[in-house]
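Adding 1 to a residue's 1-based position in the sequence shown gives its number in our numbering. Notes for the one structure printed next.
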Amino acid sequence: MIFSYLHLPVIEYSEPERKGFKLLRYPHLYMGAAAIFCYVGAEIAIGSFLVEYFKSEPTILLDKTAGSHVAFYWGGAMVGRFLGPSR
């Protein structure tokens with residue numbers, strides 16, 4: 002009953018105008034994503050082909066030995082990532 006006698010202001014509500022996703026306006030975002038995609042692809046490709054390289058003519062290692070040597074590559078990549086400069 003009290004609220005029926007009170008003169009409350011009328012509240013107007015409107016939907017905010019959507020202007021789109023602002024990150025899509027920066028071309029560096031696309032270039033950076035493409036660069037990371039290429040870098041990770043190259044890193045995985047190197048690790049995948051190392052076993053075949055270790056089994057090839059100049060080194061001639063067994064499958065088990067060649068596979069264990071690939072662990073040194075992945076360990077070195079991890080250490081290099083942690084110790085490398087962060088920009």
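Every residue, glycine too, gets a C-beta built ideally from N, C-alpha and C.
Asked                                                                                                            : Found
For residue 21, name the three-state secondary structure that DSSP assigns.                                      : coil
Which residue comes first and which comes last in the alpha helix (DSSP H) that contains residue 9?              : Looking at the DSSP string, residue 9 is not in any alpha helix (DSSP H), and its letter there is neither H nor E.
Suppose you measure from the CA of residue 81 to the CA of residue 12; what does that come to, to the nearest Å? : 60 Å
Measure the alpha-carbon distance for residue 19 versus residue 83 and round it to whole angstroms.              : 41 Å
I need the DSSP call for residue 62, collapsed to helix, strand or coil.                                         : coil
Give me the residue from 16, 78, 63 with the minimum Cα distance to residue 44.                                  : 78
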